[in-house]
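Visitor: According to our numbering, the stretch in the sequence shown is residues 4 to 97, in order.
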Amino acid sequence: MYILFLIITTIFAIWIFMDSQNKKGNFFIPYLWLAAALFFPVIAIPAYFILKIVKPTTQITNKENGKTILCPKCGKENNLLQSVCCFCNNQLNI
Ligand SMILES: [Zn+2]
Numbered sequence: 004m005y006i007l008f009l010i011i012t013t014i015f016a017i018w019i020f021m022d023s024q025n026k027k028g029n030f031f032i033p034y035l036w037l038a039a040a041l042f043f044p045v046i047a048i049p050a051y052f053i054l055k056i057v058k059p060t061t062q063i064t065n066k067e068n069g070k071t072i073l074c075p076k077c078g079k080e081n082n083l084l085q086s087v088c089c090f091c092n093n094q095l096n097i
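(1) Which residues does DSSP pair with N82 in a beta bridge?
(2) Please list the terminal residues of the continuous alpha helix (DSSP H) segment that includes F8.
(3) So what does V87 bridge to, in DSSP terms?
(4) State yes or no: is the C-beta of K79 nearer than 7 Å to some heavy atom of ligand 1?
(5) Excluding the five sequence neighbours on either side, which residues of its own chain have a C-beta within less than 6 Å of the C-beta of F90, listed in chain order?
(6) Label L84 either buried or exposed according to how many other C-beta atoms from any shown protein chain fall within 10 Å of its C-beta, with 16 as the threshold for buried.
(7) Per DSSP, what kind of secondary structure is K76 in: helix, strand or coil?
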C-alpha cells in the first residue's frame with residue numbers, strides 16, 4: 004500500500020510541477036510546489052487544489068476605448084487580446 008501511495012504522490016507532484024510552470028509566474032514557484040508535494044504530500048496536494056479554485060478570476064471591464072482586462076495579480080489594465088499581463092507577466096485567464 005505504501006508503494007501505491009508513493010506512486011500517486013509522484014504523479015500528483017509531477018502534475019503540480021507542470022501545471023504551475025504553465026502559469027509563467029515566479030521561476031522558483033514550480034520547484035517549491037514540487038518539493039512540497041514530494042515531502043509533504045498530505046498538506047501540499049490539497050493546498051494546491053484549494054489555491055487553484057480560490058484564486059481570483061480575471062475581471063473583464065468595458066472602457067470607452069474598447070474592452071480591457073484587469074490583471075488579478077497587480078490590478079492593472081491590459082488589452083483583452085493579451086494572454087499575459089504586460090506589467091507583471093501574470094497569466095490572464097479569460
Ligand atoms: Zn499584472
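Note that beta-carbon positions come from the ideal geometry of N, C-alpha and C, so glycine has one too.
Guide: On the basis of the data shown:
(1) T71
(2) 5-25
(3) Q94
(4) yes
(5) C77, K79
(6) exposed
(7) coil
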